[in-house]
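Data block below; observations after.
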Amino acid sequence: MTMTMKKSEQKIGLVEELGKCFQALNVNQLYEESDHKTSKDWLAEVAAILKNLDEGDFQAFMNLRQHLYPSIPLATRKHAAEQIDGFVRQKVAEYKRYDFSYLDREIKNNPEDISNYIHDKELRDRCLDLLEAESKYDRVINQATQVLEDRVRTKAKLTDRLEGVRLINAALNPDPSKTVLKVSNDPDEQQGFCDICRGIMLAFRNPTHHHLTDKITREEAFKVCAFIDTL
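Okay, structure coming up:
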């Protein structure tokens, strides 16, 4: 009889694979022979592991990886390889401390546990403790919208100077043929996603970034956080 691995066990297995990749990393070869099969295979394997662990970490890794192409100056490649070394080391340490057990909980058995409903690692790290507080739930929306903002900026490879609606307008275009980030080939779906992200920035991000309020309830903050988690 074949036993199905728990979701938490699958994640832990990925962390172990990432640790093995880190142990196998040859920094010198990574930048001196970036086009070598060993280097390319290593980069592809780490990218695949991170993609299955956390989208934000995957995008951050890919941003570092783009500086390793053979056409790029050696000094730049060396710096990128050293950054990748530090990045992967840090992620291995972080993930080894991370509790993935929430993935195994069945919502029907723990309907009151809000941690069951938020799956994105960055959102969990930044919002769950704030949701468990007694008040000041505007901080939850502040952090959740900032995670969305950072995710869009990272994926679109845009400058840190772009924020809020300006960032969304630069990253997302209703026309799939003109957009930096394509969510769908269907213009209506692409338009819908653009409108959702702009709306989140205008209705939730801006008020909680520029003003303090005690009017937001825990339930309202959770709903916004959970909705961003689905994007």
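Per this note's numbering, the very first residue in the sequence shown carries number 62; after that it's consecutive.
Think of the CB as a built atom: it goes at the ideal place given N, C-alpha and C, for glycine as much as any other residue.
**Message:** How far does the alpha helix (DSSP H) with I257 in it extend, from its first residue to its last?
**Reply:** Counting along the chain, I257 sits inside the alpha helix (DSSP H) bounded by residues P248 to I261.
**Request:** Between the Cα of I277 and those of E106, G253 and V201, spot the shortest distance and give me the residue it belongs to.
**Result:** V201
**Prompt:** What's the call for T269, buried or exposed, on a 16-neighbour Cβ count within 10 Å?
**Reply:** buried
**Message:** I'd like to know if the segment 236-250 and the segment 208-222 are in contact, where contact means that at least 3 CB-CB pairs between them fall below 8 Å.
**Reply:** yes
**Message:** Between which residues of its own chain and H180 is the CB-CB distance below 7 Å, once the five residues before and five after are set aside?
**Reply:** D290
**Request:** Using three-state DSSP, classify E155 as helix, strand or coil.
**Result:** Helix, per DSSP.
**Item:** CB contact flag (L91, R138, <9 Å)
**Value:** In this structure, L91 places its C-beta atom within 9 Å of the C-beta atom of R138.
**Prompt:** Using DSSP with H/G/I as helix, E/B as strand and the rest coil, what is M199?
**Reply:** What sits at residue 199 in the sequence shown is Asp, not Met. Looking at D199 - three-state DSSP - the assignment turns out to be helix.
**Item:** Cβ neighbour criterion (16 or more within 10 Å) applied to E183
**Value:** buried
**Prompt:** For the putative contact between L209 and L263, defined by C-beta atoms under 8 Å, what is the C-beta separation to the nearest angstrom?
**Reply:** With a Cβ gap of about 13 Å, L209 and L263 do not count as contacting.
**Prompt:** Is D186 near S69, with beta carbons less than 9 Å apart?
**Reply:** Here D186 is not near S69, since their CB atoms are 9 Å or more apart.
**Asked** Just reading off the alpha helix (DSSP H) that T220 is part of, what are its end residues?
**Response** That residue, T220, is in no alpha helix (DSSP H); it is neither H nor E in DSSP.
**Prompt:** Nearest-angstrom Cα distance between T206 and I261?
**Reply:** Spanning the two alpha carbons is a distance of roughly 7 Å.
**Request:** Take the Cβ of D96 as the centre, count every other Cβ of all protein chains shown within 10 Å, and call the residue buried at 16 or more, exposed below.
**Result:** exposed
**Per-residue DSSP class, three states only, for I277** = coil
**Message:** Measuring only the C-alpha atoms, how far is C255 from S100?
**Reply:** Straight through space, the alpha carbons of S100 and C255 are spaced by roughly 37 Å.
**Nearest residue (CA-CA) to F265, options Y178, L129, A141 and Q204** = When C-alpha distances from F265 are compared across Y178, L129, A141 and Q204, the shortest belongs to Q204.
**Request:** With a 10 Å radius around its C-beta and 16 neighbouring C-beta atoms as the bar for buried, classify A232 as buried or exposed.
**Result:** buried
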